[in-house]
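Quick note: the sequence shown uses numbering that gives the first Met the number 0, first residue 0, plus one each step.
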Amino acid sequence: MSSAAAPDTVAEALAAHLVRNGLPPDGGASERFAVVRLGRLPYPIPNTSARRRAVKLHDLNHLVTGYGTDLAGESEISAWELASGGCQRYVAAWALDLSGLLMGLIAFPRRTVRAFQAGHVAHNLYGYPYAGLLDRPMPDVMDRVQHAGGRRSARLPAPVLLAGCVVAAVPTSLLFGLAWIVATPLWWASKRKPRLGTT
């Protein structure tokens, strides 16, 4: 891709990212459920307001890291976000990332650990206002992520932080398993229910 064709702003890069990954223009914010696929098994997650707020910045973290939106990529971004300062006040992001980390350590251990190590020397975007980032040039936002400055010095050593995240991930993943049992029949019912205005 030539430099002239490269997106100038975060908003332009985000729009291209959504198209490239087959995602709707709003990133799925209008959907009742977000669906992660574990192979052929659908894993529906209620698309709560807390998740919708978090996923906007989560998508921007995908942009600056280049991690994919497949199962391996979501495991990597989960590890990276946890190591790069955590998810701030976004409770839904903490829960999703902890579960994603555990899944990644089981299914893609090397890639997940590498992503955690990369995040430990970076800084994610959860501490920034989403709307204020959209008009920023991509190089400026990349620089914020790559140069965390003194913020890194306050972090626990990477192995200690990873161990703590794994301990927290186990009960979180169990709760997600229970949520899946409840959410799956509701998701199937929503798929079969005709929408207003359709025949």
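For each residue, glycine too, the CB sits at the ideal point set by N, CA and C.
Computed from a predicted model, the values in this text were never measured in an experiment.
For residue i, the first and last residue of its enclosing alpha helix (DSSP H)
i	result
Tyr-129	129 to 133
Phe-115	108 to 118
Pro-184	157 to 191
Pro-24	Pro-24 -> no alpha helix (DSSP H), and no H or E assigned at all.
Arg-143	137 to 145
Asp-58	48 to 64
Gly-126	Counting along the chain, Gly-126 falls outside any alpha helix (DSSP H), and DSSP gives it neither H nor E.
Ala-153	Run containing Ala-153: none; DSSP gives neither H nor E here.
Ser-74	70 to 82
Candidates the options: closest to residue i by CA position
i	options	result
Pro-170	Leu-37, Ala-94, Arg-39, Leu-155	Ala-94
Leu-173	Leu-101, Thr-111, Gly-163, Tyr-129	Leu-101
Gly-72	Ala-91, Arg-113, Phe-32, Arg-50	Arg-113
Leu-177	Asp-7, His-146, Leu-155, Pro-43	Pro-43
Ser-48	Ala-33, His-61, Pro-24	Ala-33
Leu-161	Val-18, Ala-10, Ala-28, Thr-111	Thr-111
Leu-22	Asp-58, Pro-41, Asp-7	Asp-58
Gln-116	Thr-68, Ile-105, Asp-69, Thr-64	Thr-64
Leu-81	Arg-50, Cys-164, Thr-68	Cys-164
Arg-51	Tyr-89, Asn-60, Gly-85, Ala-153	Tyr-89
Own chain partners of residue i with C-beta closer than 6 Å, once the 5 adjacent residues on each side are dropped
i	result
Lys-55	Tyr-129
Ser-83	Gly-118, Ala-121, His-122, Asn-123
Pro-41	Val-34
His-16	Leu-62
Tyr-66	Gly-72, Glu-75, Ile-76
Asn-20	Thr-68
Expected contact under 8 Å - CB spacing of residue i and residue j to nearest Å
i	j	result
Ala-78	Gly-103	6 Å
Tyr-125	Ala-92	7 Å
Residues near residue i by beta carbon distance below 8 Å, same chain, minus five either side
i	result
Gly-99	Glu-73, Ser-74, Ile-76, Ser-77, Ala-78
Asp-7	Pro-136, Met-137
Ala-106	Leu-70, Ala-71, Ser-74
Segment limits, beta strand (DSSP E) that includes residue i
i	result
Leu-40	40 to 45
Ala-33	32 to 37
Neighbourhood of residue i by C-beta, 7 Å cutoff - its chain only, sequence neighbours within 5 removed
i	result
Gln-145	Ala-121
Thr-198	Because Thr-198 carries a pLDDT of 46, less than 50, the predicted location of this residue cannot be relied on, and the following value inherits that uncertainty. Around Thr-198: no qualifying Cβ.
Cβ pair count under 8 Å reaching 3, the stretch 155 to 165 against the stretch 121 to 141 = Of all C-beta pairs linking the stretch 155 to 165 to the stretch 121 to 141, fewer than three are shorter than 8 Å, placing the two stretches out of contact.
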